Ligand SMILES: Nc1ncnc2c1ncn2[C@@H]1O[C@H](COP(=O)(O)OP(=O)(O)O)[C@@H](O)[C@H]1O
Ligand SMILES: [Mg+2]
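Numbering (the numbering used here), first residue to last: 120 to 588.
Dropping the structure here:
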């Protein structure tokens, strides 16, 4: 086994000689008679432990050990002191992070034991660092695999089924089609659970970058510094714990798409850096000076009103203009209740397989119950409701009482669906000044159906309007 290097620093030749005698049989001993000389030796030799005398002419032992600590914090540092010089000892301990101080005169045997123990802890520290690095490397590999696996899953689902026949969702799909065959930056807005992530995934997997990675990063789940290193990577030693170079997501997603979820949660300092990638296609790893290039499509999402965030100085307007190139707003589920039956069936099919359930559909009342709820958690909440009902249900279809614990009971004879429909008809009647043909066309129903609804809801069209118009 390779012998450890020991560096002894003292301006007294006698002491150097004596310590060399003590250690030469076990270690490779280097000697220096000044701090400067010691630093020279450190540059050339592999040294595991330094013993320095405190009182030396140009550089004290404490000063030297402080430098040693900066050069390589792993090297064990010991100080020799012939005086009960408390002040300099405290300085040595604090600044030089010394392992031990040895008072003159010392017991030879004792010193050998101290040095032996110190070197054992030196080896342990190195071993720990090696293991930590291995662990981090393994983690990195897992993370990469995770990214790939998630892409596979996403690809498999093809994010295929985005349900939405309501006029508002049809509008969303219209916008969606505009961004599929290009790499334009897209901003998805909408409450939580409305399908932002689903849409982002869909956009990527139906666009020109589909063969490359789609990577998702939530900007609200990591503290600023971690998020920065996650997005841009870091250089080894950039901060404590950065024990090796690491690629950031911008590099990993090169050629593909980076989905920045909850983009409003990014700190202003980080916003500047993201803006730089968007504008100039370049960024820097944390702790590195040179720029790197990245060709990444950005899809951002937020459930906040970014303009209000700008007012509060939480979001930079320049970044806002840069990501708001093509905004797509996904309406909350309560504004598209006509989609609920299809969505419910879709979820049911999805979870049926997962739960191995025999349930195939909903009772009329159950569906009605679903349509009467207003879903603060949107589609995600609908999914959860259905998953729960599937677990609870015993018959061939989901019955209303399986919802009841979660859904508010419908009061009065008029359902929410009816209320909304009535409000919509009234709005359109006003807009088209009572022209029932136009209202029926906008609603996508026949004039007879509209007429029946008007009677049901006791809505009075303007006196001069005529169904046959
Ligand atoms: N239009 C839709 N059609 C089918 N499933 C949807 C639709 N919108 C949302 N979902 C599903 O609802 C859940 C929540 O959607 P998600 O994209 O995670 O919402 P957000 O990112 O806006 O919080 C997901 O399981 C998603 O697949
Ligand atoms: Mg999401």
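In this text, a Cβ means the ideal position worked out from N, Cα and C, and glycines have one as well. Quick caveat, the model's predicted, so the values are computed rather than measured.
| residue 568 versus residue 501 - alpha carbon distance | 29 Å
| request: Between the Cα of residue 385 and those of 482, 425 and 187, spot the shortest distance and give me the residue it belongs to. | output: 425
| task | Assign residue 309 to buried or exposed, taking buried as 16 or more other Cβ atoms, counted over all protein chains shown, within 10 Å of its Cβ. | result | buried
| said: Helix, strand or coil, according to DSSP, for residue 128 in the structure here? | reply: strand
| Would you call the stretch 289–303 and the stretch 332–349 in contact, with 3 or more CB pairs under 8 Å? | no
| field | C-beta atoms of residue 462 and residue 509 nearer than 8 Å | value | no
| said: Please report the straight-line C-alpha distance between residue 519 and residue 484, rounded to a whole angstrom. | reply: 5 Å
| query | Looking only at C-alpha atoms, which of 267, 168, 571 and 477 sits nearest to residue 242? | reply | 168
| field | Beta-carbon proximity of residue 231 to residue 216, cut-off 8 Å | value | no
| DSSP beta-bridge partners for residue 313? | DSSP lists no partner for residue 313.
| task | Along the alpha helix (DSSP H) that carries residue 556, what are the first and last residues, could you check? | result | Residue range 555–562 is occupied by the alpha helix (DSSP H) that includes residue 556.
| query | Considering only the beta carbon of each residue, do residue 419 and residue 318 sit closer than 8 Å? | reply | no
| query | DSSP puts residue 194 in a beta bridge; with which residues? | reply | Note: residue 194 sits in no beta bridge, so no partner.
| field | Among 490, 332 and 565, the one whose alpha carbon lies nearest that of residue 265 | value | 332
| Contact between the stretch 284–294 and the stretch 435–455 (3+ Cβ pairs under 8 Å) | Yes, they touch.
| With DSSP run on the structure shown, which of helix, strand or coil describes residue 369? | It is helical.
| field | 3-residue-minimum beta strand (DSSP E) runs that sit fully inside the stretch 288–347, ordered along the chain | value | The stretch 288–347 contains these whole beta strand (DSSP E) runs: 305–308 and 333–337.
| message | For residue 213, count the other beta carbons within 10 Å of its own beta carbon; 16 or more makes it buried, fewer makes it exposed. Which is it? | response | exposed
| query | Is DSSP giving residue 220 helix, strand or coil here? | reply | strand
| Any idea which residues DSSP pairs residue 401 with across the strands? | 412
| field | Limits of the unbroken alpha helix (DSSP H) element including residue 484 | value | 483–490
| said: Can you give me the C-alpha to C-alpha distance between residue 571 and residue 287, rounded to a whole angstrom? | reply: 24 Å
| task | Provide the residue(s) that pair with residue 419 in DSSP beta bridges, ordered along the chain. | result | 306 and 379
| request: Kindly confirm or deny that the stretch 452–469 and the stretch 399–417 touch, where touching means at least three C-beta pairs closer than 8 Å. | output: Verdict: no, contact absent.
| said: Can you tell me whether residue 282 sits near ligand 1, meaning its C-beta is under 7 Å from at least one heavy atom of the ligand? | reply: Yes.
| Reduced DSSP secondary structure (H/G/I, E/B, other) of residue 201 | coil
| task | Could you check which residue in 209, 365, 543 and 334 has the C-alpha nearest to that of residue 268? | result | Nearest Cα to residue 268 within the set 209, 365, 543 and 334: 334.
| query | How many Å lie between residue 128 and residue 411 at the Cα? | reply | 44 Å
| request: At 3 residues or longer, and completely inside the stretch 427–501: list those beta strand (DSSP E) runs for me, N to C. | output: The qualifying runs are 445–448.
| Closest residue to residue 477 among 315, 517, 153 and 439 (Cα-Cα distance) | 517
| Residues bridged to residue 517 [DSSP beta-bridge criterion] | Its beta-bridge partners are 481.
| task | Determine the contact status of residue 233 and residue 199, defining contact as a CB-CB distance below 8 Å. | result | no
| message | At the level of alpha carbons, what is the spacing between residue 455 and residue 285? | response | Separation of residue 455 and residue 285 (C-alpha to C-alpha, rounded to the nearest whole angstrom) is 6 Å.
| message | For ligand 2, is there any heavy atom lying closer than 7 Å to the beta carbon of residue 316? | response | yes
| Between the Cα of residue 139 and the Cα atoms of 374, 227 and 244, which residue gives the shortest distance? | 227
| field | Which listed residue (433, 137 and 350) has its alpha carbon closest to that of residue 395 | value | 350
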